[in-house]
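What follows is one structure encoded as structure tokens, with my remarks underneath.
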Amino acid sequence: MTSEHQGVGPVTRRLYWIDIASPQHSDMEVVDATLQLLPDLMPSVLAHFRRVRPTGGRTRVGDQFTILMLGTRRGRVQVVEITPHSFRLQTLRQHSESGWIEFRSDPLEGNAYRLSVVSQVRASSWFDRYAYLLGVGIMQRLTWESGLRRALHLSGGRKVKHGTTTVEWP
621 MTSEHQGVGP
631 VTRRLYWIDI
641 ASPQHSDMEV
651 VDATLQLLPD
661 LMPSVLAHFR
671 RVRPTGGRTR
681 VGDQFTILML
691 GTRRGRVQVV
701 EITPHSFRLQ
711 TLRQHSESGW
721 IEFRSDPLEG
731 NAYRLSVVSQ
741 VRASSWFDRY
751 AYLLGVGIMQ
761 RLTWESGLRR
771 ALHLSGGRKV
781 KHGTTTVEWP
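Basically my numbering = 1-based index in the sequence shown + 620.
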């Protein structure tokens, strides 16, 4: 596994989120369904996710996914944590980024919750950093935003608002 300390360039923290009102399914159900259906929820035109050596059972801690995204080399992530409200993926060697990605839910007032994807990474190489700046970053954003819209569909609720934030520091 790799951490952001092993990368190059600035540490980048990205947040993609969508607020959902009047869902028919709980946030815990949607988080679990998202993990179990991850390859099917991500738009394969932008990023192809495949579970490595699927055992036919539920996705669990230790399972790995191969990701092939336009403009980057094939990367792998490993499921390192699953809670009722989140799951975390850690990048593995040869991924274009070094760090983690977390899909999570947070309650909002009333019958509503926020689904978000948070990542904290550094580019694995200067080539990967330049690729990110020249377009891979846009592909990532479109991939995770599309995944969140598909999770919204799983919830049976309606979108109230959504957003994206990116912060970098040395």
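Built from N, CA and C at the ideal position, the CB exists for glycine as well.
Proximity below 8 Å, CB of residue i to CB of residue j
i      : j      : result
GLN656 : GLY682 : no
LYS779 : ILE638 : yes
SER664 : THR692 : no
LEU735 : ILE640 : yes
MET662 : GLY776 : no
Assigned secondary structure, residue i (DSSP; H/G/I helix, E/B strand, else coil)
i      : result
SER745 : coil
THR654 : helix
MET689 : strand
HIS645 : coil
GLN698 : strand
GLU729 : coil
PRO630 : strand
LEU753 : helix
Residue interval of the alpha helix (DSSP H) (run including residue i)
i      : result
LEU774 : 757–775
Residue i classed as buried or exposed, judged by whether at least 16 other C-beta atoms fall within 10 angstroms
i      : result
GLU701 : exposed
TRP746 : exposed
GLN760 : buried
PRO643 : buried
ARG680 : exposed
GLY695 : buried
GLN714 : exposed
TYR750 : exposed
LEU658 : buried
ASP660 : exposed
Distance between residue j and residue i (C-alpha atoms, nearest Å)
i      : j      : result
THR632 : GLY783 : 17 Å
GLN626 : SER718 : 7 Å
MET689 : GLU649 : 27 Å
ALA771 : SER706 : 13 Å
GLY677 : THR654 : 15 Å
ARG634 : VAL672 : 26 Å
GLY755 : ASP748 : 11 Å
GLU765 : VAL787 : 17 Å
LEU712 : PRO790 : 22 Å
GLU624 : ILE721 : 11 Å
Host beta strand (DSSP E) of residue i (start-end)
i      : result
HIS668 : 667–671
VAL780 : 778–789
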